[in-house]
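Student: Residues in the sequence shown are numbered from 1010 upward in steps of one, following the numbering used here. A virtual CB, placed ideally from N, CA and C, is assigned to each residue, including glycine.
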Amino acid sequence: MDRLCSDCQYWQQRDGISLHNRAVYHYNDNLKDLMHQYKAVGDYRLHVAFQSDLMGLCRRVGRLVPLTTEPEHFARRGFDPVLGLFGHLPLWPCLAKGNTDQPQARKKRGARLRTPQSFTCTATLSELQRVKHICLVDDLYTTGTTLHHAAAALRDAGYRGQITSRTLIR
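1. Who are the Cβ neighbours of N1108 in its own chain at under 7 Å, not counting the five residues just before and after it?
2. Scan the stretch 1066-1130 and note each continuous beta strand (DSSP E) run of 3 residues or more that stays entirely inside, going in chain order.
3. For N1030, which beta-bridge partners are listed by DSSP?
4. What whole-angstrom Cβ distance do S1174 and D1147 have, given they're in contact under 8 Å?
5. What residues are listed by DSSP as bridge partners for V1146?
6. Could you give the DSSP three-state label for C1017: helix, strand or coil?
7. Check the C-beta distance from H1056 over to L1094 and give it rounded, since I have them as a contact under 8 Å.
8. Would you be able to state if there are at least three C-beta pairs under 8 Å between the stretch 1129-1144 and the stretch 1087-1106?
9. Measuring CB to CB, does G1071 end up less than 8 Å from H1157?
10. Using 8 Å for Cβ pairs, my map puts A1159 next to L1177. What's the rounded Cβ distance?
Set out below in C-alpha cells:
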C-alpha cells in the first residue's frame, strides 16, 4: 500500500483532497542553480534540455493544463517558464493566473501555504464536462499550494473529473 507523503497528508487533512504528483527530478542545489538561470536570469535556451524527460512523464495522463505565470512575471521575463518547458506537448491553457504580491520563490513555507488563490478557470462548463482527467503541469513543486489552487479553480468552475499533476522538479 502506498503511503502519502507529508504534503499529501497536509492537503488531505486541510481540504479533504490530495493531488497525485509525479516529478522527473528531486530538488537539489544543481537544479536550484539551473532554475535560477532559466527563470531569474532568463536563459530561455534551457527549456529544451528536459523535453524528452517531460514527454515520458506526461505520457497517458489526461488533458495537460499548464500553470502559467502571472502577467507581471511574464512582462519582466519575456517568456512563460512552464509553457517553455511543456510547450512541445499538447496543452490546454484553461487557467489564468492573476498577479500576486510576491513570487512563491521569495516566500518561506508558511507564507507559501497562506498564499491566496490567484487562478481562475477560463474554460466553459461544457468544455470541462467533456474531460475525464486533467493533469496539471508546472515547473517546480515545493508546498503544493500552486497546484492545489489550480485544482480548486477547476473545481469551482464545475469540473468533477480526476485531477493529477506532473512537475519537472519536486
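Tutor: Walking through what the data contain:
1. The residue labelled residue 1108 in the question sits at position 99 within the sequence shown. Closer than 7 Å at Cβ, skipping near neighbours: E1079, P1080, E1081.
2. 1072-1075, 1104-1106, 1128-1130
3. Numbered from its first residue, the sequence shown carries residue 1030 at position 21. For N1030, which the question treats as bridged, DSSP gives the partners S1174.
4. In the sequence shown, the residue the question calls residue 1174 occupies position 165. In the sequence shown, the residue the question calls residue 1147 occupies position 138. Rounded, the Cβ-Cβ distance is 7 Å, consistent with contact.
5. Taking the first residue of the sequence shown as 1, we reach residue 1146 at position 137. Paired residues: P1075, R1175.
6. Counting from 1 along the sequence shown, the entry for residue 1017 is found at position 8. DSSP places C1017 in helix when its eight states are reduced to three.
7. Counting from 1 along the sequence shown, the entry for residue 1056 is found at position 47. Counting from 1 along the sequence shown, the entry for residue 1094 is found at position 85. Right, their Cβ atoms sit about 5 Å apart.
8. yes
9. Taking the first residue of the sequence shown as position 1, residue 1071 is located at position 62. Taking the first residue of the sequence shown as position 1, residue 1157 is located at position 148. Taking 8 Å as the Cβ cut-off, G1071 and H1157 do not qualify as a contacting pair.
10. Taking the sequence shown and counting its residues from 1, the one referred to as residue 1159 is at position 150. Taking the sequence shown and counting its residues from 1, the one referred to as residue 1177 is at position 168. About 16 Å separates the two Cβ atoms, so there is no contact after all.
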